[in-house]
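Going left to right, the sequence shown walks through residues 0 to 327 as numbering that gives the first Met the number 0 numbers them. The beta carbon of each residue, even a glycine, is placed where N, CA and C say it ideally should be. Since the structure is predicted, the reported quantities are computational estimates derived from the model, not experimental observations. Structure first, then comments.
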Amino acid sequence: MRLLPSRALTQLRAQSLLGTLQPCQCQLPKMGEAWAQLPWPGPCHPAMLLLSLLLAAGVLPSNGGASCPVLCTCHHQVVDCSSQRLFSVPPDLPTDTRNLSLAHNRITAVPPGYLTCYLELHVLDLRNNSLVELPPGLFLHAKRLAHLDLSYNNLSHVPADMFQAAHGLVRIDLSHNPWLRRVHPQAFQGLVQLQDLDLSYGGLAFLSLEALEGLPGLVTLQIGGNPWVCGCSMEPLLKWLRNRIQRCTADSQLAECRGPPEVEGAPLFSLTEESFKACHLTLTLDDYLFIAFVGFVVSIASVATNFLLGITANCCHRWSKASEEEEI
Numbered sequence: 000m001r002l003l004p005s006r007a008l009t010q011l012r013a014q015s016l017l018g019t020l021q022p023c024q025c026q027l028p029k030m031g032e033a034w035a036q037l038p039w040p041g042p043c044h045p046a047m048l049l050l051s052l053l054l055a056a057g058v059l060p061s062n063g064g065a066s067c068p069v070l071c072t073c074h075h076q077v078v079d080c081s082s083q084r085l086f087s088v089p090p091d092l093p094t095d096t097r098n099l100s101l102a103h104n105r106i107t108a109v110p111p112g113y114l115t116c117y118l119e120l121h122v123l124d125l126r127n128n129s130l131v132e133l134p135p136g137l138f139l140h141a142k143r144l145a146h147l148d149l150s151y152n153n154l155s156h157v158p159a160d161m162f163q164a165a166h167g168l169v170r171i172d173l174s175h176n177p178w179l180r181r182v183h184p185q186a187f188q189g190l191v192q193l194q195d196l197d198l199s200y201g202g203l204a205f206l207s208l209e210a211l212e213g214l215p216g217l218v219t220l221q222i223g224g225n226p227w228v229c230g231c232s233m234e235p236l237l238k239w240l241r242n243r244i245q246r247c248t249a250d251s252q253l254a255e256c257r258g259p260p261e262v263e264g265a266p267l268f269s270l271t272e273e274s275f276k277a278c279h280l281t282l283t284l285d286d287y288l289f290i291a292f293v294g295f296v297v298s299i300a301s302v303a304t305n306f307l308l309g310i311t312a313n314c315c316h317r318w319s320k321a322s323e324e325e326e327i
């Protein structure tokens, strides 16, 4: 019979003792409760003493170093689960995860509260999946999240509470969501540190100025590849973009108007105040009176013309009839 090494034997014994223990719930008890639960001043249980010694010696992993999920690789707080044909997010990640990649899978939904335990999360990559929406409050506990990639998904809208409490976000990539047709005016509210926002290659025809006004740190905005309708409602946004954005040279040539017909195909950033001159035309009372007078005159002239045409037609008919009688 083959004998196990002493370290492996010790770990097996410890695992047998852990068989009835409950998994961590990411919530530590208060200090008063923790002291109240200690078997003090009685003698320490031998099993608990053994577990404490094993944890201190590094034989067993602590909660922060939980085992790596199946089909994922974990190294130095980086968890890579990309390109594994996953249909759902992996559970029970190491709680000290800093960089999580779930890219290039078939994930259709993220469960509510999925990020609750991962307070150290800094980068989340969900690109190239099948996400239609994200649950409300997903980022409530992601205080340190700085980079979020949601590109190449099937998102249809960005609600007001999508990025709630994720005030540390520096970059958000929502590009290549072809069904993305609506961004709520308060979708990015509170993201004062946001510097890079990518909304390119979606289905956006309009974007409210209110959605961007609350982003004082915004430097780069990618909006090319969308079917923009450059009507009067777009003038405030374009005016703000010309005055606010410092770097958009890589995207300005890709942003084109799809409507109305008179500006179809025109670069979005080529439109000036002159292009929206018709939007500012206002009529005074004198203008309305003049239009009413002209309309009245035209209507009278139309009635008179019809009357004269009717008399002329009647006279022609009588003259034609009289001519026929003379010939007979």
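Asked	Found
Check whether the Cβ atoms of Leu203 and Pro226 lie closer than 9 Å to each other.	yes
Could you please give me the residues that DSSP links to Gln221 through a beta bridge?	Asp197
Measuring only between beta-carbons, confirm whether Leu133 sits less than 9 Å from chain C.	Chain labels in this structure do not include chain C; a single protein chain is all it has.
Is Gly294 helix, strand or coil when you go by DSSP?	helix
Nearest to Glu263 by alpha carbon, out of Glu234, Asn242, Cys229 and Ile290?	Cys229
Based on Cα-Cα distance, which residue from Arg84, Leu101 and Arg317 lies nearest to Cys73?	Leu101
Quick one: give me the first and last residue of the beta strand (DSSP E) that Leu99 is part of.	Asn98 to Ser100
Among the candidates Leu144, Val191, Gln194 and Leu208, whose CA atom is the shortest distance from the CA of Arg181?	Leu208
What distance in whole Å lies between the Cβ atoms of Leu193 and Glu217, which are believed to be in contact at a cut-off of 8 Å?	Just to set this straight, residue 217 is Leu in the shown sequence, not Glu. With a Cβ gap of about 6 Å, Leu217 and Leu193 count as contacting.
In terms of residues, what are the limits of the beta strand (DSSP E) holding Arg257?	Cys256 to Gly258
Is the Cβ-Cβ distance between Ser174 and Gln221 less than 9 Å?	yes
Between the C-alpha atoms of Leu237 and Leu190, what's the straight-line distance to the nearest angstrom?	21 Å
Taking C-beta to C-beta, are Leu211 and Arg243 nearer than 9 Å?	yes
When burial is assigned at 16 or more other CB atoms within 10 Å of the CB, is Gly223 buried or exposed?	buried
How is the alpha helix (DSSP H) around Arg243 delimited, first residue to last?	Glu234 to Arg243
How long is the line joining the alpha carbons of Phe138 and Asp160, rounded to whole angstroms?	9 Å
When the Cα of Phe205 is compared with those of Phe187, Leu179 and Asp195, which residue comes out closest?	Leu179
Counting C-beta neighbours from all protein chains within 10 Å, is the total for Glu147 16 or more, i.e. buried, or is it exposed?	Looking at the sequence itself, residue 147 is Leu, so the reference to Glu does not match. Leu147 comes out buried.
Rounded to the nearest angstrom, what separates Leu196 and His103 at their Cα positions?	21 Å
By the 10 Å Cβ neighbour count, where 16 or more other Cβ atoms means buried, how is Glu255 classified, buried or exposed?	buried
Return the Cβ separation of Cys80 and Pro89 in integer angstroms, given the expectation that the two are a contact with Cβ distance under 8 Å.	6 Å
Quick one: is Leu123 buried, meaning 16 or more other Cβ sit within 10 Å of its Cβ, or exposed?	buried
Output needed for Ala35: all residues of its chain with C-beta closer than 6 Å, excluding positions within five of it in sequence on either side, in chain order.	For Ala35, the pLDDT reaches just 35, beneath the cut-off of 50, and the residue's location in the model is therefore unreliable, although a value from the coordinates is still provided. Around Ala35: no qualifying Cβ.
Using the C-alpha atoms, what's the distance from Leu270 back to Glu234?	9 Å
Can you give me the Cβ contacts of Ser129 inside the same chain, cut-off strictly under 8 Å, excluding the 5 residues immediately before and after it?	Arg105, Ile106, Thr107, Asn152 and Asn153
What are the partner residues of Pro215, as DSSP defines its beta bridges?	According to DSSP, Pro215 bridges with nothing at all.
State the Cα-Cα distance for the pair Ser87 and Val69, rounded to the nearest angstrom.	12 Å
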